[in-house]
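Going down the list, the sequences are from chains A and B.
So the first sequence is numbered by our numbering: it starts at 1 and just counts up by one.
So the second sequence is numbered by our numbering: it starts at 1 and just counts up by one.
Heads up, the beta-carbon is just placed ideally off N, CA and C, and yes, glycines get one too.
Please read the structure below before turning to the comments.
There are 2 protein chains.
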Amino acid sequence: MRPQPYIAMNEALYLRNPESSELGKKIIRHSIELIHLNGLEAFTFRKLAEHIGTTEAGVYRYFENKHKLLVYLTAWYWGWLEFQITFATNNIQDPFVKLEKVISLLAAPVEDDERTEHVNEYMLHQIIIEEGSKAYMTKHVEDDNKLHYFKPYKHLCAAIGEMISQCNPNYKYPRSLATTIVEMAHFQNYFRVHLPSLTDFGPSKNERDVIEFLNDLIFASIRKK
Amino acid sequence: MRPQPYIAMNEALYLRNPESSELGKKIIRHSIELIHLNGLEAFTFRKLAEHIGTTEAGVYRYFENKHKLLVYLTAWYWGWLEFQITFATNNIQDPFVKLEKVISLLAAPVEDDERTEHVNEYMLHQIIIEEGSKAYMTKHVEDDNKLHYFKPYKHLCAAIGEMISQCNPNYKYPRSLATTIVEMAHFQNYFRVHLPSLTDFGPSKNERDVIEFLNDLIFASIRKK
DNA sequence: ATAAATTTGATAGTAAAGCTATTATATTTG
DNA sequence: CAAATATAATAGCTTTACTATCAAATTTAT
């Protein structure tokens, strides 16, 4: 019996809660579809509105601009993923096994979670890989950070850092290693697909290779000494 | 006696070679200044033209659009950095020492290279940290890749991968580890400055911490077994 | 069941970004 | 000095990003 995931969202990210109405849920569902299909650059509120069958002004009533919508989607994703991780590692005692599980969940393909009607997690995962870092790679990161936009991401990284410290309390860089795991889970998969010569995974290979690489990298550091 | 660095640029990146005229060099110099100051998002050819004292159309004669200009700047940076690395590791025999030097060059602050009149490498380095991944995180990566836009980046990563293999011919992921070094040298510095809670480097700490983290991470993997 | 409140749709409009074209004037080069 | 090339000046067009207004529809509270 898998419980219904509840993702608490920062209210500063939206003008009207998209989960509270049909139009709002449509905005989420179709923005994921459109960004997944054409990328963030080509995505506009006008195109989204046309796609949904509403008006531009209608979308603007929910989100101030497309950057906030992207941050909303990334925050949602990290919240959802931490929920998955918590659930999947709940009854694992060994922190090494726990961490291995986390690496798998980060680097393996994500399947659509049917419990969340209006969010396609498969597509959202792809969006996070391709556009996720743009959420915080801006001149206004600091402001956004003060408004706690990145809390779910930071919370997840902190949790992973905790696991690392449990594996080896003397390891000096648990948080930096945690962000390395998270970022590299995505970057290596991105390179594997789009710029394969930057990786050691042939074109025919799959995500297992990325997971093996990360396991090798991370546990060599943690186990050392 | 440091030799004059010559950075060979892919001609597909520009309409007119910016190095071939005064206006062209001004475009490079001032776009670096403006992107460094306000970020890529706020940067437009109109503002650049005003800043230089020319017209928008004048800028468009050199670069098709701001994405190609960004790719040009990143390609230039990676070309310049590989030149620095080649020069700095030229008479080092030990591949471990070589790799350590590379990590330093990647993660330490960059000073302006006075041999290059129209490029401020300090600012350009900051731009690469903050905007660099946007050069290949697009829906048209594959097309851009076919036109060899990312050659300098890939060439540098390949060279680092070579060094890793020299350190340990049995290490299975030299190229993925190379991209991990390059990306993390930038990401950890970005997080250190803008989202410090994602790292283990306090706010007062400097780039040395990032270098130590990377050395610890990389050599644990390579030396293993 | 109906009045009040809220949500949505339709329409309009503005400023800036992104890009192209044309012609005149400098400047360089042959 | 003529020819070729580079730059400046101006204009214009489409799209993006965003705001405002008002009417119609739907929900909710009494």
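Look at the stretch 49-96 of chain A and you find these whole runs of alpha helix (DSSP H), each 4 residues long or longer: 56-60, 66-89.
At a cut-off of 9 angstroms between beta carbons, Ala108/B makes no contact with chain A. Here DSSP, grouped into helix, strand and coil, assigns Glu111/A to coil. Taking the Cβ atoms as the reference, Ile181/A lies roughly 11 angstroms from Pro174/A, outside the contact range of under 8 angstroms.
Using a C-beta cut-off of 8 angstroms, the stretch 19-36 of chain A makes contact with the stretch 123-137 of chain A, since at least three inter-stretch Cβ pairs fall below that distance.
Listed in chain order, the non-local C-beta contacts of Thr89/B below 6 angstroms within the same chain comprise Lys98, Lys101, local neighbours out to five positions each way being set aside. Contact between Leu106/B and Ala185/B holds: their C-beta atoms lie close to 4 angstroms from each other, under 8 angstroms.
Excluding five sequence positions before and after Arg192/B, the CB atoms of its chain that fall closer than 6 angstroms to its own CB belong to Thr199, Phe201, given in chain order. For Ser221/A, at least one C-beta of chain B is nearer than 9 angstroms to its own C-beta.
The distance from the Cβ of Phe213/A to that of Cys167/A is about 18 angstroms, inconsistent with a contact at the 8 angstroms cut-off. In terms of CA proximity to His30/B, Gly53/B leads the group Asn10/B, Gln93/B, Tyr14/B, Gly53/B. Annotation for Gly24/A: the continuous alpha helix (DSSP H) segment containing it runs 22-42. Against chain A, the CB of Ser204/B has no partner CB under 9 angstroms away; the residue lies outside that interface. From the beta-carbon of Ser133/B, the residues of chain A found nearer than 9 angstroms are Ser133, Lys134, Met137, Phe187. Nearest to Lys146/A by C-alpha distance, out of Pro5/A, Glu183/A, Asn10/A, is Asn10/A. Listed by position along chain B, the residues whose Cβ is nearer than 9 angstroms to that of Arg208/A form an empty set, because the closest Cβ is around 13 angstroms away. Only residues of its own chain outside the window of five on either side were considered, and among them Pro18, His118 have a CB closer than 6 angstroms to the CB of Ile28/B, listed in chain order. Think of a sphere of 9 angstroms around the beta carbon of Ala159/A: no beta carbon from chain B falls inside it, the nearest being about 12 angstroms out. For the stretch 126-214 of chain A, the continuous alpha helix (DSSP H) assignments of 4+ residues that do not extend past its boundaries occur at 141-146, 151-167, 174-194, in sequence order.
Take Ala178/B, set aside five residues on each side of it, and the residues of its chain with a beta-carbon closer than 7 angstroms to its own are Cys157, Ile160, Gly161, Ile164, in chain order.
If you draw a 10 Å sphere on the C-beta of Glu56/B, you find fewer than 16 other C-beta atoms in it, and that means exposed. Relative to Val110/B, the option among Gln4/B, Gly132/B, Gln84/B, Ile92/B whose CA is nearest is Gln84/B.
Of the residues Lys224/A, Ser197/A, Glu183/A, the one whose Cα lies closest to the Cα of Ile211/A is Glu183/A. Straight across, the Cα-Cα distance linking Glu131/B with Ser221/A is about 29 angstroms. At a cut-off of 9 angstroms between C-beta atoms, Gly79/B does not count as an interface residue with respect to chain A. For Thr54/B, the nearest beta carbon of chain A is not closer than 9 angstroms to its own beta carbon. Residue state for Pro18/A is assigned as helix, using DSSP reduced to three classes. In terms of Cα proximity to Glu41/A, the closest of His140/B, Ala108/B, Phe150/B is His140/B. The Cβ-Cβ distance between Leu13/A and Gly58/A does not fall below 9 angstroms.
Comparing alpha-carbon positions, the option among Tyr153/A, Tyr62/A, Leu69/A lying closest to Phe43/A turns out to be Leu69/A. Of the residues His67/A, Ala75/A, Pro5/A, Asn65/A, the one whose Cα lies closest to the Cα of Pro152/A is Ala75/A.
Thr116/B places its beta carbon less than 9 angstroms from that of Pro5/B. Rounded to whole angstroms, the gap between the alpha carbons of Ser204/B and Tyr190/B is 14 angstroms.
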